[in-house]
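Participant: The structure is given below, and queries will be raised subsequently.
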């Protein structure tokens with residue numbers, strides 16, 4: 125068995141058994157590295173070298189978590205939730221609740237899509253936008269697994285299809301560039317117009333998975349408890365009673381300013397710090413409580429941050445092991461002359477690689493140089509080659525315990541401790557997106 129396959133199986137098995145994802149990643153790193161023949165010192169060096177790659181995002185999540193808790197502590201989220209509950213009669217059963225539910229899901233989907241292109245903040249919006257909506261979701265009895273599927277679709281499908289924002293980076297700067305570089309000696313030439321065309325069919329599979337999640341899998345309600353995100357001298361409901369008009373204006377400025385500062389500086393950390401500092405100065409909570417609120421927010425996001433850091437170390441060891449090339453070459457031995465089997469094997473190998481690395485952006489440079497000669501050798505057209513490489517890289521981004529596409533939704537939905545990362549984010553997104561991506565990616569490779 126290939127070391128990468130073994131490591132992914134160990135990680136997934138331990139995670140499904142409700143072992144901490146951080147512990148599962150560390151054990152999988154050691155198992156994979158040792159099985160690949162790496163000395164323990166080499167494993168630890170590669171692991172430590174990779175840790176820094178996840179530290180910036182982890183710190184950003186911690187700071188944005190503190191900002192989210194500060195918003196909750198101010199009482200403004202309580203005011204907004206109660207008004208929505210009363211205005212739309214969400215505690216009553218019937219068409220009103222369904223209308224509000226679908227409107228909320230559409231708004232979250234629009235926010236997720238916009239975060240990839242219109243306002244390219246990526247996953248930074250989730251810890252700020254989602255926690256204030258949890259009380260409303262509770263009264264709607266909205267299954268948070270469905271919300272995770274909606275958000276994950278919104279932050280993955282756009283960059284795989286639309287060549288703007290993060291999509292311009294994925295499709296043009298990474299996928300197109302690597303395909304042309306790897307295919308230059310074979311006469312392969314891919315244009316910018318061809319890349320989105322090749323990805324339409326695979327994205328259709330993801331859209332089908334989203335429809336199944338909305339209309340069938342998680343249509344029934346699920347009960348959650350109303351829990352305060354932060355604890356202080358008074359509850360958010362009590363704080364809301366003496367919230368002044370000018371303080372509400374400051375809250376609005378803090379929300380907008382957080383996004384503006386992030387876009388201007390390119391730093392999620394500075395954006396979160398700006399928002400938290402503004403709330404501290406506004407007096408929406410007592411000055412001596414700010415340290416406790418900041419700590420509470422960082423604690424809320426600590427698990428997500430440590431998973432990201434550990435996943436970066438895991439990916440570093442897997443790349444240092446040299447087993448990616450061995451995985452591809454060993455897979456080609458069982459294909460023979462079967463073109464359909466070749467497409468399926470390439471997609472499955474991409475799934476394993478991306479689930480371990482946790483990023484489709486980082487997977488393309490690894491597999492493009494190996495997949496392009498293989499695809500052309502089997503007679504796949506340029507469009508089919510684009511679909512194969514693009515889909516193989518995207519597979520596993522949704523559904524990986526280490527991907528920001530699943531960690532992001534978990535960061536927001538688990539703010540009150542009622543959303544499990546593996547069973548409520550990873551498993552639902554894996555089932556509804558990776559399986560259709562394999563099927564529709566295979567179809568695209570065979571008909572294009």
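In my numbering, the protein residues as written are 125 to 572. Backbone N, C-alpha and C define an ideal beta-carbon position, used for all residues, glycine too.
Taking its Cβ as the centre, do 16 or more other Cβ atoms sit within 10 Å of residue 541, making it buried, or is it exposed?
Facilitator: The count along the chain shown starts at 1 and reaches residue 541 at position 417. That one is exposed.
Participant: Does the distance from the CB of residue 334 to the CB of residue 431 come in under 8 Å?
Facilitator: Position 210 of the chain shown holds residue 334. Position 307 of the chain shown holds residue 431. Not a contact, by the Cβ cut-off of 8 Å.
Participant: Can you check which of these residues, 519, 433, 284, is closest to residue 468 by C-alpha distance?
Facilitator: As a first step, residue 468 must be located in the chain shown, where it is residue number 344. Nearest option by C-alpha distance: 519.
Participant: Where does residue 317 land, buried or exposed, given buried means 16+ other C-beta within 10 angstroms?
Facilitator: By one-based count along the chain shown, residue 317 stands at place 193. That one is exposed.
Participant: By how many angstroms is the C-alpha of residue 379 removed from the C-alpha of residue 172?
Facilitator: For this step, residue 172 is matched to residue 48 along the chain shown. For this step, residue 379 is matched to residue 255 along the chain shown. So the two alpha carbons sit approximately 36 Å from each other.
Participant: Can the beta-carbon of residue 546 be found closer than 8 Å to that of residue 525?
Facilitator: As a position in the chain shown, residue 546 is number 422, starting the count at 1. As a position in the chain shown, residue 525 is number 401, starting the count at 1. Yes, these two residues count as a Cβ contact at 8 Å.
Participant: Inspect the beta-carbon positions of residue 561 and residue 330 and report whether they are closer than 8 Å.
Facilitator: Your numbering for residue 561 matches position 437 in the chain shown. Your numbering for residue 330 matches position 206 in the chain shown. Contact flag set, yes.
Participant: Between the C-alpha atoms of residue 538 and residue 463, what's the straight-line distance to the nearest angstrom?
Facilitator: Here residue 538 refers to the residue found at position 414 of the chain shown. Here residue 463 refers to the residue found at position 339 of the chain shown. The alpha-carbon of residue 538 is positioned some 44 Å away from that of residue 463.
Participant: In the DSSP assignment, what residue or residues form a beta bridge with residue 519?
Facilitator: Within the chain shown, the letter at position 395 stands for residue 519. Partner(s): 522.
Participant: Answer yes if the region 302-317 comes into contact with the region 487-499, meaning at least three C-beta pairs across the two stretches below 8 Å, and no otherwise.
Facilitator: yes
Participant: I'd like to check one pair, residue 190 with residue 418: are the Cβ atoms closer than 8 Å?
Facilitator: Residue 418 sits at position 294 when you count from the first residue of the chain shown. Residue 190 sits at position 66 when you count from the first residue of the chain shown. Using a Cβ distance threshold of 8 Å, residue 418 and residue 190 count as a contacting pair.
Participant: Can the beta-carbon of residue 511 be found closer than 8 Å to that of residue 572?
Facilitator: Within the chain shown, numbered from 1, the residue matching residue 511 stands at position 387. Within the chain shown, numbered from 1, the residue matching residue 572 stands at position 448. The answer is yes: Cβ separation under 8 Å.
Participant: Go to residue 528, then tell me how far its alpha helix (DSSP H) extends in each direction, as first and last residue.
Facilitator: Here residue 528 is taken as the residue at index 404 of the chain shown, counted from 1. Residue 528 -> alpha helix (DSSP H) spans 528-537.
Participant: Is the shortest distance between the beta-carbon of residue 430 and the beta-carbons of chain D less than 8 Å?
Facilitator: Here chain D cannot be found, since the structure has a single protein chain.
Participant: Quick check: the Cα distance between residue 411 and residue 260, rounded to an integer number of angstroms?
Facilitator: Counting from one through the chain shown, the residue named residue 411 turns up at place 287. Counting from one through the chain shown, the residue named residue 260 turns up at place 136. Their backbone Cα atoms lie some 29 Å apart in a straight line.
Participant: Less than 8 Å between the beta carbons of residue 233 and residue 274, yes or no?
Facilitator: Sequence index remark: in the chain shown, residue 233 carries index 109 (1-based). Sequence index remark: in the chain shown, residue 274 carries index 150 (1-based). In this structure, residue 274 lies closer than 8 Å to residue 233 by Cβ.
Participant: In whole angstroms, what separates the C-alpha of residue 543 from that of residue 256?
Facilitator: If you number the chain shown from 1, residue 543 lands on position 419. If you number the chain shown from 1, residue 256 lands on position 132. For residue 543 and residue 256, the distance between alpha carbons rounds to 15 Å.
Participant: From this set, 488, 227, 254, 523, which residue's C-alpha is nearest residue 301's C-alpha?
Facilitator: Stepping through the chain shown from its first residue, residue 301 is reached at position 177. Proximity to residue 301 across 488, 227, 254, 523 peaks at 488, based on C-alpha coordinates.
Participant: Quick check on this structure: which residue in 147, 184, 313 has the alpha carbon closest to the alpha carbon of residue 508?
Facilitator: To locate residue 508, count along the chain shown from 1; it is residue 384. That would be 313, whose Cα lies nearest to the Cα of residue 508.
Participant: Helix, strand or coil: how does DSSP classify residue 169 here?
Facilitator: Locating residue 169 in the chain shown gives position 45, counting from the first residue. Looking at residue 169 - three-state DSSP - the assignment turns out to be helix.
Participant: Excluding the five sequence neighbours on either side, which residues of its own chain have a C-beta within less than 7 Å of the C-beta of residue 347, listed in chain order?
Facilitator: Within the chain shown, the letter at position 223 stands for residue 347. Excluding sequence neighbours, residue 347 sits near 265.
Participant: On the three-state DSSP scale, how would you describe residue 187?
Facilitator: Working through the chain shown from its first residue, we reach residue 187 at position 63. It is helical.
Participant: Leaving out the 5 sequence neighbours to the left and right, which residues in its chain are closer than 7 Å to residue 179 when beta-carbon positions are compared?
Facilitator: The residue given as residue 179 occupies position 55 in the chain shown. Once the five neighbours on either side are set aside, the close Cβ partners of residue 179 are 433.
Participant: Apart from the five residues just before and just after residue 311, which ones in its own chain have a Cβ nearer than 6 Å to its Cβ?
Facilitator: For the purposes of this step, residue 311 is identified with residue 187 of the chain shown, where counting begins at 1. The answer is none, since no qualifying residue turns up.
Participant: What's the C-alpha gap between residue 392 and residue 383?
Facilitator: Within the chain shown, numbered from 1, the residue matching residue 392 stands at position 268. Within the chain shown, numbered from 1, the residue matching residue 383 stands at position 259. Using only the alpha carbons, I get a separation of about 8 Å.
Participant: Suppose you measure from the CA of residue 459 to the CA of residue 137; what does that come to, to the nearest Å?
Facilitator: Taking the first residue of the chain shown as position 1, residue 459 is located at position 335. Taking the first residue of the chain shown as position 1, residue 137 is located at position 13. Here the alpha carbons of residue 137 and residue 459 stand approximately 27 Å from one another.
Participant: Under the assumption that residue 396 contacts residue 195 (Cβ atoms under 8 Å), give the Cβ distance between them as a whole number of angstroms.
Facilitator: Counting from 1 along the chain shown, the entry for residue 396 is found at position 272. Counting from 1 along the chain shown, the entry for residue 195 is found at position 71. Incorrect: roughly 11 Å between the Cβ atoms, too far for contact.
Participant: Quick one, are the C-beta atoms of residue 327 and residue 279 less than 8 Å apart?
Facilitator: If you number the chain shown from 1, residue 327 lands on position 203. If you number the chain shown from 1, residue 279 lands on position 155. Not closer than 8 Å, so no.
Participant: Would you say residue 295 and residue 320 are within 8 Å of each other, going by their C-beta atoms?
Facilitator: Position 171 of the chain shown, counted from the first residue, corresponds to residue 295. Position 196 of the chain shown, counted from the first residue, corresponds to residue 320. A contact, by the Cβ cut-off of 8 Å.
Participant: Does residue 282 pass the burial test, meaning 16 or more other C-beta atoms within 10 Å, or should it be called exposed?
Facilitator: As a working mapping, residue 282 is identified with position 158 in the chain shown. It is buried - the Cβ of residue 282 has at least 16 other Cβ atoms within 10 Å.
Participant: Do residue 129 and residue 438 come within 8 Å of each other at the CB atom, strictly closer than that value?
Facilitator: Numbered from its first residue, the chain shown carries residue 438 at position 314. Numbered from its first residue, the chain shown carries residue 129 at position 5. Against a cut-off of 8 Å, the Cβ pair of residue 129 and residue 438 comes out as no contact.
Participant: According to DSSP, is residue 342 part of a helix, a strand, or is it coil?
Facilitator: Stepping through the chain shown from its first residue, residue 342 is reached at position 218. Note: residue 342 maps to coil in three-state DSSP.
Participant: Since residue 374 contacts residue 402 with CB under 8 Å, what's their CB separation in whole angstroms?
Facilitator: Taking the chain shown and counting its residues from 1, the one referred to as residue 374 is at position 250. Taking the chain shown and counting its residues from 1, the one referred to as residue 402 is at position 278. Contact flag correct, Cβ pair sits at about 6 Å.
Participant: May I have a chain-ordered list of the alpha helix (DSSP H) segments no shorter than 4 residues that lie completely inside the region 437-515?
Facilitator: 447-457, 463-481, 484-501
Participant: Residue 478: which of 220, 169, 527, 398 sits nearest, CA to CA?
Facilitator: Position 354 of the chain shown holds residue 478. Nearest C-alpha to residue 478: 527.
Participant: What are the uninterrupted segments assigned as alpha helix (DSSP H) that are 4 or more residues long and contained completely in the region 245-330, given in chain order?
Facilitator: DSSP runs (the alpha helix (DSSP H)) wholly in the region 245-330: 250-253, 258-264, 268-285, 301-307.
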